[in-house]
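Residue numbers (the UniProt record's numbering): 1 to 95.
Next up, the structure:
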């Protein structure tokens with residue numbers, strides 16, 4: 001007996017759009033009603049969408065940020081990736 005398709009074409013389209021817009025997987029799950037990360041990744045893989053890079057963290061730190069910086073970071077999907085890239089850019093351009 002064949003499994004019935006539990007993901008609609010509209011959900012699949014929305015998953016692809018949100019992921020391409022940089023939305024986090026957990027937020028895509030909330031917004032689309034797709035029930036698992038595995039299903040999200042299956043949709044992405046079957047549509048040839050490349051995975052986003054992961055940050056390979058070696059150290060976790062706690063920093064205090066000011067309100068304007070917090071507003072900037074609130075708009076980023078991956079704060080870790082953003083901070084790493086910003087520091088590299090700043091460092092390479094200050095010498």
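Each residue gets a CB set at the ideal place from its N, CA and C atoms; glycine is no exception.
- Secondary structure note for residue 54: it is in no alpha helix (DSSP H), with a DSSP letter that is neither H nor E.
- In the three-state DSSP reduction, residue 63 falls in the coil class, being neither helix nor strand.
- Distance from the CA atom of residue 9 to the CA atom of residue 77, rounded to whole angstroms, is 25 Å.
- Distance check between residue 84 and each of 44, 43, 60, 51 places 60 closest, using alpha-carbon atoms only.
- The C-beta distance from residue 25 to residue 40 rounds to 6 Å, short enough to fall under 8 Å.
- Taken atom to atom, the span from the alpha-carbon of residue 87 to that of residue 31 is near 32 Å.
- Residue state for residue 94 is assigned as coil, using DSSP reduced to three classes.
- Going by DSSP, residue 15 is part of the alpha helix (DSSP H) stretching over 9 to 20.
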